[in-house]
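Protein sequence lines, in the order shown, are assigned to chains A and B.
Quick note: the first sequence uses numbering that gives the first Met the number 0, first residue 0, plus one each step.
Quick note: the second sequence uses numbering that gives the first Met the number 0, first residue 0, plus one each step.
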Amino acid sequence: MLIPPTQISPDWISAVLNAAQTACRAIPPAFPLEATVAVNPFLGQTGEDLATASARYARVAGASLTRPRADYAAQIAQSRVTDDDLAAALIACRSPLKPADLALLKAKVTVEGLASPALPTVADLGAENTGTDWPALIAKTFGLWAAGHFDRGQALWSPAPGQGAFAAWRAWATYDLTPEIAGLTGFCAHVAAAPDSAERAILRAADRLGLTEAASETAFHRLMIDLGGWAQHARWLLWQAQLEGGSDATLMDLLAIRLIWEEALLAHTPQIQDQWLGVVSAHQMPVAPTADQVVDTILQDAVERAHQRRLASLLARPAPTDGQQTPKTRPVLQAAFCIDVRSEVIRRALEAQNPAIETVGAAGFFGLPLGHKAHGTDQVAAHLPVLLKPAMTASSRAPAAAEQADRIAARAARAFGRFRQAAVSSFAFVEAAGPLYGAKLVKDALGWQGSVLPQDPCPQLEQALSRADKAATAAAALTAMGLTSGFARVVLLVGHGASMVNNPYKSAYQCGACGGHSGAVSARVLATLLNDPDTRAGLQSHGITVPPDTLFLAALHDTTTDTVTPFVDIPCPDHAADLSRLDDWLGGAGHITREERARHLPGATPQTVANRASNWAETRPEWGLAGCAAFIAAPRAMTSGLDLAGRTFLHSYDWQADPGFATLQMILTAPVVVASWITLQYYGSAVAPAAFGGGNKLIHNVLGGIGVVEGNGGRLRCGLPWQAVHDGTKLAHDPLRLSVMVAAPQEAITNILTRHPDLSALFDNGWLHLFALNEHHIAARYRPGQGWSDEPPIGFAA
Amino acid sequence: MILPLSLFAPLALLPVAAWAVVQPGRRPGLLPKASEAAALVALALATAGLVQLWHGGPAKLTLLDGPIDLSLAFDAVSITMTVLVAFVGWIVMRYARTSLDGERREGAFHGLMLATLAAVLVLVQAGSLLVMMVAFGVIGVTLRHLLLFYPDRAQAQRAATKFAWVWHVGDGALILATLLLAFTFGTTDLARLSSAASGGLPWLGHVAVAFLILTAALKTAAFPLHGWLTEVMEAPTPVSALLHAGIINAGGFLLIRTAFVVQASPGAMAALVLLGGLTALFGAVVMLTQSAVKTALAWSTVAQMGFMLLQCGLGLWPLALLHIVAHSLYKAHAFLSSGAAVQAVAAIRRPGAVAVPSLAAVMKSFGLALVLYALVAALFTLIAGPKSPQALALGAMLIFGVAYLVAQGLADAAPMALTRRTGLAALATTLAYFSFQLAAKEVWGAHLPAAPSAGPLEWALIVLAVVSFGLVAFAQALFPLWAHHPATTGLRVHLANGLYLNALLDRMIGGFQSAKSR
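Here it is, written out as structure tokens:
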């Protein structure tokens with residue numbers, strides 16, 4: 000026995016358990032597909048830079064966090080990336096391993112860096128030695144158990160609820176004969192004899208595997224990566240529990256389970272001990288980037304600088320600001336949209352309908368911390384960014400009789416569904432109902448089933464707000480959008496959703512600020528609130544005067560069809576003419592938007608692009624937020640008329656109207672963070688699809704209502720599917736880290752960063768780029784960890 | 000005589016399949032549209048054939064007579080399957096046109112699908128076993144290529160290997176059966192075999208039937224070699240839809256086509272009842288434990304094909320054909336729409352807790368269901384004359400399933416309105432399947448043998464089938480009361496693993512080996 004018999008000591012125990020906790024935090028949560036939102040896959044690595052994270056993921060997942068060099072070389076060859084960009088990125092790089100000069104850097108571009116495979120697990124080594132594919136076996140048997148354990152209602156026969164994951168798995172694995180049949184004799188007994196708590200199982204296995212304090216963290220991380228999406232789902236359980244102020248042990252349980260496998264396999268294949276000790280000592284090395292990884296991150300930075308340069312020159316072009324320069328008249332329409340990059344296109348199109356139309360951008364939940372009970376259910380869905388917890392509940396109730404009838408209908412449909420699924424009844428079902436599916440096939444194949452977003456009754460707050468609260472809530476929402484004076488007769492509050500059929504990722508296309516739901520609920524609640532006479536009266540004390548003839552109108556922007564549908568929830572006879580004009584404008588804006596979008600969707604024409612919503616075979620109903628690359632918090636005047644190609648989050652912000660910089664703080668700590676999560680999710684899914692992507696939609700097998708596996712099963716796949724970032728011939732998402740551009744004084748931004756270390760970590764470690772805007776110019780760049788540099792504005796030298 | 004147009008349906012597909020050889024890659028121009036159009040033409044030809052049959056009656060096209068007998072059949076059974084397969088084919092090709100867009104081997108996919116579809120269209124119109132044999136062989140080859148559409152996936156390689164083994168062993172069994180029948184009766188022509196078998200079978204004929212049944216069992220993924228079917232989700236969804244709707248039932252179709260021969264062997268019929276019944280119950284119970292939607296659907300197919308074999312074994316041939324049609328349509332839809340499973344599961348949870356029926360409610364529901372059955376059966380006897388004991392037994396087995404629907408409405412927590420709705424659904428279901436069965440008998444009854452008169456063996460099988468289905472149905476209705484009991488933990492684990500039959504098969508054929516070490 001080469002491994003020392005035991006290394007257990009109090010220090011070792013606490014170090015190993017700490018390493019396990021750290022490894023758990025390295026895993027990003029994955030929200031179930033029922034209401035999924037983008038999560039930064041590098042959430043656990045924001046304390047280090049891209050090169051270090053790249054080194055870490057090379058070790059634990061064999062993944063590279065940058066693109067192949069050939070991609071960078073192509074961009075350089077096309078002069079999309081210039082020598083200036085490369086030089087600037089090279090200078091900015093603070094690694095001692097960086098190439099000495101530009102020529103060396105450029106020489107490196109032509110050679111691919113060394114691919115580094117992940118450090119092997121015991122299962123990998125065992126597979127090499129015995130020829131039995133242990134990793135596949137683990138993925139399969141663990142996946143089958145986990146599928147049942149985390150199932151939210153797909154299978155009729157689920158495991159007994161209420162057990163922790165570790166206990167439930169032990170109960171499963173002591174019965175499951177598959178490993179024994181595959182040749183791992185005695186595995187059931189091994190599991191039965193394992194310690195009965197996850198912590199002790201982790202410690203015993205770590206000891207038997209000879210893991211030292213230093214080796215544990217990445218060794219554990221490696222094993223969690225091996226569990227794929229299951230670990231991320233468990234991390235989500237922890238996330239939810241922590242949001243409620245509690246905790247959840249599932250993720251540690253999964254680590255313990257995976258370690259029990261390693262322990263058993265090492266005992267089963269003693270011939271790999273030496274090799275394994277070598278792996279342990281490799282895990283012991285500190286995580287540090289290689290010279291290749293440094294070069295890759297410099298190249299990535301150069302590509303991002305090139306994008307910033309193009310954006311800067313676009314912004315610098317004097318925008319057609321006629322509307323702003325003429326004496327300000329009352330706008331004919333104001334429309335508030337979500338900051339979502341898809342809004343940029345339709346905002347531009349709507350503004351083109353009439354020069355006196357104004358649009359603003361704000362987070363699509365409009366600042367309302369809503370939980371929502373949809374029509375026909377008592378379940379509360381959180382309609383707000385996942386960083387926050389709902390504080391008020393709205394419900395969409397039909398009149399009692401209709402509500403009751405709909406609920407009975409839903410329950411009867413469910414009873415029939417169980418009849419269809421259950422053992423003997425399924426035969427009766429097929430004989431009786433099977434032939435009718437011929438008609439259903441025709442209907443669905445021709446896209447006749449319709450795909451309209453559900454039109455629930457208008458949501459009402461369950462607990463009425465006091466007059467003061469109404470005014471305060473309304474004032475906060477209006478201030479956040481920068482809409483505190485100069486109201487038009489009609490102010491449109493546009494939430495967004497996406498209609499589509501037969502798509503497991505449907506919620507990923509909805510409003511992320513609304514927790515993966517349609518933004519209609521938040522818009523309607525806010526419109527109701529703002530039309531309330533109590534609110535209007537109370538707003539005066541907040542210094543906001545809304546003219547009596549102003550009507551707030553909620554609307555829903557369907558991003559697959561680009562129709563915008565207003566909700567006329569209150570009678571408004573005085574606005575009949577306004578509404579009919581509005582319909583024309585919205586129709587015209589939709590038309591322009593569809594034309595623009597059709598150019599990017601393979602095989603689409605402006606006429607057919609909306610049909611993708613009802614096509615059940617469509618893997619790319621729309622591009623979602625693909626392409627997202629920049630976040631601009633500035634007055635609309637700075638960007639209006641510019642074609643930002645649907646790649647920019649636009650948040651309306653006027654620092655001169657924000658004396659205490661409270662709104663700026665809100666923007667930087669919430670919408671910017673959410674936008675960074677989205678951008679980094681796209682980034683991860685595009686550069687390392689095997690590690691961070693959702694896989695191939697064509698072989699997706701939806702599991703338990705929570706996620707997908709590929710093909711026969713095994714690992715849960717989280718992140719975006721390949722079809723969401725790739726159009727078949729090239730990436731549809733250009734993977735760039737987000738460039739945040741804020742029109743505000745640099746000191747104000749710095750102050751906020753100082754007060755929010757988590758936020759400044761994102762900028763200081765280069766996960767986001769930060770710029771201060773001044774009128775139409777980029778005034779300064781925030782250099783990671785070094786503060787502002789007012790080096791002459793990029794892109795203007797020429 | 001005018002040539003039946005449906006016979007040309009396969010030919011409509013081949014030119015486009017050949018085109019795919021030239022353009023096998025990504026975004027192959029008009030090929031995807033042409034593929035759908037070809038499938039639509041095939042459907043039109045099939046439908047035209049249906050009209051011709053309506054007006055002109057059955058026919059036969061003999062290409063080559065004698066010992067090497069190549070002929071195509073044109074009758075109610077063949078046209079049913081032709082229209083069915085062509086219809087599912089069109090739906091699937093239309094789906095593939097969109098969903099495969101941008102795939103690296105997009106063109107090849109369409110070509111392989113069309114070739115497979117053409118082979119299936121030949122199979123279902125075969126007039127002789129020889130034609131069937133060839134069609135089965137071609138399907139095996141093209142389908143294997145489709146299962147390996149992503150050749151780098153180790154799981155796909157395993158699944159394709161397993162499929163190829165089982166499928167081609169089935170081909171071997173069919174070759175043996177054909178040779179034996181040719182030796183015994185001097186022909187492989189299906190019509191001639193049917194009339195020859197009416198005089199009884201010599202012992203070699205019984206052996207031939209045994210091989211026919213082996214073929215059907217392997218190709219319908221019957222217990223215990225069902226494992227290949229539950230692992231072939233490695234290919235794009237349209238492949239699964241075509242496989243589960245158009246190909247998996249070919250084994251059953253083979254039996255229906257040779258029904259007169261098979262029914263001449265009571266032992267074979269008994270084997271079908273036992274094998275089919277066991278597969279049906281086994282597959283259905285395993286399905287309950289599966290959390291991945293396509294996997295659950297695959298287990299459901301195993302069960303439904305078992306049930307179809309059971310119907311064959313009971314001599315209820317028209318009902319078996321009805322089951323094939325009904326299952327195909329349902330399963331094609333279920334696979335193609337499986338992306339909606341996330342929303343479907345959310346919808347299940349939306350109305351709150353499920354009302355659990357008590358033991359008393361379940362007893363009551365079985366009583367009510369039997370009363371309902373008696374009434375509806377009496378009504379249909381008045382309309383259509385008496386039913387065979389086998390048909391009545393099958394009806395009873397199905398009504399046990401309906402009892403579950405009634406039971407859910409009788410749960411204490413269920414409001415009156417829900418009880419009414421489930422009751423109506425139960426009535427509608429019962430009426431629907433009695434009507435469909437009546438129609439099936441009218442349409443296909445003339446071409447297929449009637450259920451054998453029930454002797455002791457038949458009665459024993461009937462009782463066995465009714466009792467076992469009744470017990471499982473009863474357990475299923477009481478399910479929430481025992482499913483989470485600690486005593487059933489182990490049972491659930493073993494069932495979720497399909498009783499390890501697949502793992503054992505894997506071990507035998509090296510399915511646990513690393514890709515490179517094989």
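Even for Gly, the Cβ is constructed at its ideal location relative to N, Cα and C.
| task | With 9 Å as the C-beta to C-beta threshold (strictly closer), list the residues of the segment 679 to 713 of chain A near chain B in chain order. | result | N695, K696, L697, I698, H699, N700, V701, L702, G703, G704, I705, G706, V707, V708, E709, G710, N711, G712, G713
| message | Are the CB atoms of W584 of chain A and S675 of chain A within a distance shorter than 8 Å? | response | The answer is no: Cβ separation not under 8 Å.
| query | Using a Cβ-Cβ distance under 8 Å, would D68 of chain B count as near chain A? | reply | no
| request: Assign R619 of chain A to buried or exposed, taking buried as 16 or more other Cβ atoms, counted over all protein chains shown, within 10 Å of its Cβ. | output: buried
| request: Could you check the C-alpha separation between L122 of chain B and P414 of chain B for me, to the nearest Å? | output: 51 Å
| Quick one, which residues of the segment 365 to 389 of chain B are near chain A if we go by CB-CB under 9 Å, in chain order? | none
| Which residues, in chain order, does the segment 20 to 49 of chain A contribute to contact with chain B at a C-beta distance below 7 Å? | L32, E33
| task | For S516 of chain B, decide whether its Cβ has a neighbour in chain A, counting only Cβ atoms nearer than 8 Å. | result | Any reading at S516 of chain B is ruled out, since the residue's pLDDT is 44, under 50, leaving its predicted position unreliable.
| query | If we count the other Cβ atoms within 10 Å of its Cβ and call it buried at 16 or more, is N128 of chain A buried or exposed? | reply | The residue in question, N128 of chain A, is exposed, as its Cβ has fewer than 16 Cβ neighbours within 10 Å.
| field | Near-chain A residues of the segment 206 to 221 of chain B - C-beta to any C-beta below 9 Å | value | none
| query | By a C-beta neighbour count over all protein chains shown, 10 Å radius and 16 as the cutoff for buried, is H556 of chain A buried or exposed? | reply | buried
| message | For a test of the three-state rule: what should DSSP assign to T549 of chain A, helix, strand or coil? | response | coil
| said: Could you tell me which whole alpha helix (DSSP H) segments of length 4 or greater appear in the segment 267 to 352 of chain B? | reply: 292 to 312, 316 to 335, 340 to 348
| Coarse secondary structure for S517 of chain A, derived from DSSP in three states | coil
| query | Could you give the residue range of the beta strand (DSSP E) that holds Y781 of chain A? | reply | 776 to 782
| Under the three-state DSSP convention, the category F73 of chain B falls into | strand
| query | D100 of chain B versus chain A: which residues are under 7 Å apart at the beta carbon? | reply | P601, G602, G727
| field | E230 of chain B: contacting residues in chain A (beta-carbon distance under 8 Å) | value | Within 8 Å of the CB of E230 of chain B, the CB atoms of chain A belong to N711, in sequence order along the chain.
| field | Near-chain B residues of the segment 158 to 172 of chain A (beta-carbon distance less than 8 Å), N- to C-terminal order | value | P158, A159, P160, A170, W171
| Cα separation between L203 of chain B and L116 of chain B? | The straight-line gap separating the alpha-carbon atoms of L203 of chain B and L116 of chain B is approximately 34 Å.
| said: If the criterion is Cβ atoms closer than 8 Å, does the pair T140 of chain A and R221 of chain A meet it? | reply: no
| request: Report the residues of the segment 236 to 254 of chain A with a CB closer than 7 Å to any CB of chain B, ordered along the chain. | output: none
| request: Taking only beta-carbon positions, decide if S5 of chain B is within less than 8 Å of chain A. | output: no
| said: Quick check: is the beta carbon of Q324 of chain A nearer than 8 Å to any beta carbon in chain B? | reply: Residue confidence for Q324 of chain A is low, a pLDDT of 49 falling below 50, so the modelled location carries little weight; the figure read from the coordinates is stated next. Not closer than 8 Å to any Cβ of chain B, the Cβ of Q324 of chain A fails to qualify, so no.
| request: State the beta-bridge partners of V490 of chain A as determined by DSSP. | output: According to DSSP, which records beta bridges pairwise, V490 of chain A is partnered with A:Q333, A:F551.
| task | For E233 of chain B, return the contacting residues in chain A, with the cut-off set at a CB-CB distance below 7 Å. | result | Neighbours of E233 of chain B on chain A, chain order: I698, G710, N711.
| task | Tell me, please, whether the CB atom of T337 of chain B is closer than 8 Å to any CB atom in chain A? | result | Per the sequence shown, residue 337 of chain B should be read as Ser rather than Thr. Answer yes: the Cβ-Cβ gap between S337 of chain B and chain A drops below 8 Å somewhere.
| query | Would you report the Cα separation of F468 of chain B and Y682 of chain A, rounded to the nearest angstrom? | reply | 54 Å
| query | According to the Cβ coordinates, are A656 of chain A and G542 of chain A closer than 8 Å? | reply | Not in contact: A656 of chain A and G542 of chain A (Cβ atoms no closer than 8 Å).
| request: Could you list which residues in chain A have their beta carbon closer than 9 Å to that of A295 of chain B, in chain order? | output: Q153, A154, Q420
| field | Integer-rounded CB distance, given that A588 of chain A should sit under 8 Å from A422 of chain A | value | That belief does not hold up - the Cβ atoms of A422 of chain A and A588 of chain A are roughly 53 Å apart, past 8 Å.
| task | State yes or no: is the beta carbon of N248 of chain B nearer than 8 Å to at least one beta carbon in chain A? | result | no
| field | Beta-carbon proximity list for R466 of chain A, same chain, < 6 Å, skipping 5 on both sides | value | D533, G537
| message | Can you tell me whether G586 of chain A sits near the ligand PLP, meaning its C-beta is under 7 Å from at least one heavy atom of the ligand? | response | For the structure depicted, the ligand PLP is absent and the ligand set is empty, with no information on it obtainable.
| Do you know how far the Cα of R716 of chain A is from the Cα of G228 of chain A? | 5 Å
| task | Put L649 of chain A into one of helix, strand or coil per three-state DSSP. | result | strand
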